[in-house]
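Data block below; observations after.
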Amino acid sequence: MPAFAKTAGCPTLANIDNPVAEMAPDGFYRVALGVEYKGSRYSGWQRQLTGVATVQEALEKALSKVANAPVSLQCAGRTDAGVHACGQVVHFDTQVDRSLKAWVMGANINLPHDISVSWARVMPANFHARFKAIARRYRYVIYNDQIRPAHLNEEITWNHRPLDAERMAEAAQYLIGTHDFSAFRAGQCQAKSPIKKMHHLRVTRHGKMIVLDIRANAFLHHMVRNIAGVLMTIGAGERPVEWMKEVLESRERRSGGVTAHPYGLYLVQVEYHDEFPLPERFIGPHFLTGFSELDG
1 MPAFAKTAGC
11 PTLANIDNPV
21 AEMAPDGFYR
31 VALGVEYKGS
41 RYSGWQRQLT
51 GVATVQEALE
61 KALSKVANAP
71 VSLQCAGRTD
81 AGVHACGQVV
91 HFDTQVDRSL
101 KAWVMGANIN
111 LPHDISVSWA
121 RVMPANFHAR
131 FKAIARRYRY
141 VIYNDQIRPA
151 HLNEEITWNH
161 RPLDAERMAE
171 AAQYLIGTHD
181 FSAFRAGQCQ
191 AKSPIKKMHH
201 LRVTRHGKMI
211 VLDIRANAFL
221 HHMVRNIAGV
231 LMTIGAGERP
241 VEWMKEVLES
251 RERRSGGVTA
261 HPYGLYLVQV
271 EYHDEFPLPE
281 RFIGPHFLTG
291 FSELDG
């Protein structure tokens, strides 16, 4: 169906040469989905022309079976290879009449075990999963113990060095507010501006787990993983707390040390203005259920 080629999306075989459609075309309605996935065996969210496995490709195939027509998706956050999500938001435009339950259940029947659609909602024609988002929230989960865990080994980052979460939390405060985050962006980052507003960056310990909870208006490529790398270096006592301030002010990526592993990173929430209400769900990942101090 040619109109689907106009649908906004991360580059796909169908729409890679087309401009982003910020409004649903006439005669179409716009559906938003909540999506969660384990990113370990995928080369990120974004569909690629090389044929490697991506979350976008798997989800588009599943939804196309439900619609009996091509479906092209736009995501709120293009996660990298190995990165997970429990609060991804996507949208697509369709003329097909399906119930919201049919979109959810039909997609899940056709999806691999490590991708799941959690909800569906018909949205206003001007809703856009990416461009209408006002904030995104990530969590980075560290398993801090001398012994490598056998469980969750693709869902957390293991660090054998004793980490001081209080030092990490103190260092994190240097990043709160609006800053130039050039020191934390990847060399291949295509963002037009390195200026971002960090709403909060919390560091909490829960037994052997340390959780970094980061909320900002937007993120640069590898920004969370680069911040996590600096925080773990400080937590291990290899650098002083003030090093975070030095790295930030340098605006040089080479000042910031290593990029942390992707497996501990989760996109947990995407926020929109009240005119675009979405279902409220537990802010994951699911294995953190019961850590009440993480709520909110």
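The sequence shown runs 1 to 296 under full-length UniProt numbering. Glycine residues also receive a C-beta, built at the ideal position from the N, C-alpha and C atoms. Note that the structure is a prediction, hence the values are computed from the model and not measured.
Buried versus exposed, by CB contacts within 10 Å (16 or more), residue i
i, result
"H84", "buried"
"A53", "exposed"
"residue 297", "In the structure as shown, the chain begins at 1 and stops at 296. Residue 297 is therefore absent and cannot be evaluated."
"I234", "buried"
"E242", "exposed"
"A14", "Reliability of the predicted coordinates at A14 is poor, the pLDDT of 36 falling under 50, and the value obtained from them is presented with this limitation in mind. Buried: at least 16 other Cβ atoms inside 10 Å."
"H128", "buried"
"G284", "buried"
"E36", "buried"
"I214", "buried"
"V122", "exposed"
"residue 309", "Examination of residue 309 is not possible in this model, given that the chain is present from 1 through 296 alone."
"R161", "exposed"
"N109", "Going by the sequence as given, residue 109 is Ile instead of Asn. So I109 counts as exposed."
"F28", "buried"
"G77", "buried"
"residue 297", "Examination of residue 297 is not possible in this model, given that the chain is present from 1 through 296 alone."
"F282", "exposed"
"E60", "buried"
"G229", "buried"
"G187", "exposed"
"F287", "exposed"
"D17", "For D17, the predicted structure reports a pLDDT of 34, less than 50, and the residue's modelled location is therefore unreliable. A value from the coordinates is still provided. Its Cβ having fewer than 16 others within 10 Å, D17 is exposed."
Contacting residues, own chain, Cβ-Cβ under 7 Å from residue i (five flanking each side not counted)
i, result
"A24", "R30, D93, A125"
"P112", "A58"
"A218", "R136, K196"
"Q48", "T54"
"T79", "G39, G44, W45, A85, L267"
"V224", "Y138, Y140, I214, L265"
Supposed close pair residue i, residue j - CB separation, criterion 8 Å
i, j, result
"Y140", "G51", "Between G51 and Y140 the Cβ distance is about 30 Å, and since that is not below 8 Å, they are no contact."
"V117", "A107", "4 Å"
"L163", "I210", "6 Å"
"L267", "G34", "Actually they are not in contact, since the Cβ atoms of L267 and G34 sit about 11 Å apart, beyond 8 Å."
"H222", "T259", "6 Å"
Cβ shell of residue i (< 6 Å), same chain only, five flanking positions each side left out
i, result
"I176", "M198"
"S255", "A183, V247"
"I227", "F184"
"L63", "V71, A107"
"E154", "S40, Y263"
"V104", "V117, A120"
Same chain only: Cβ atoms within 8 Å of residue i, ignoring 5 sequence neighbours per side
i, result
"H273", "K132, I134"
"A81", "G39, Y42, S43, G44, P262"
"K208", "Y143, N144, D145"
"I156", "V141, I142, Y143, P149, M209, Y263, G264"
"L231", "M168, A171, A172, V203, L212, M244"
"P194", "D180, F181, S182, R185, L220, R251"
Residues that residue i bridges to, as DSSP identifies them
i, result
"R137", "R215, Q269"
"V197", "According to the sequence shown, residue 197 is Lys rather than Val. Looking at the DSSP assignment, K197 forms a beta bridge with T178."
"R205", "I210"
"G34", "V89, W119"
"T79", "Beta-bridge pairing links T79 to no other residue."
"N144", "N159"
"Y263", "Answer by DSSP bridge pairing: none, since Y263 is not bridged."
"H84", "Y266"
"Q173", "In the DSSP output, where bridge partners are listed per residue, Q173 has none listed."
"Q74", "H91"
"F42", "Here residue 42 turns out to be Tyr, not Phe, going by the sequence shown. For Y42, which the question treats as bridged, DSSP gives no partner whatsoever."
Min CB distance residue i to chain D below 7 Å
i, result
"H200", "Going by chain labels, chain D is absent from the structure shown, which holds only one protein chain."
* Asked: Does the segment 41-52 touch the segment 139-146, meaning 3 or more C-beta pairs lie closer than 8 Å?
  -> Because the criterion of three Cβ pairs below 8 Å is not met, the segment 139-146 and the segment 41-52 do not touch.
* Asked: Does the pairing of the segment 248-256 with the segment 173-188 give three or more beta-carbon distances under 8 Å?
  -> As far as the Cβ criterion goes, the segment 248-256 touches the segment 173-188, which means the pair count is three or higher.
* Contact between the segment 90-108 and the segment 58-77 (3+ Cβ pairs under 8 Å) -> Counting C-beta pairs closer than 8 Å gives three or more between the segment 90-108 and the segment 58-77, which meets the contact rule.
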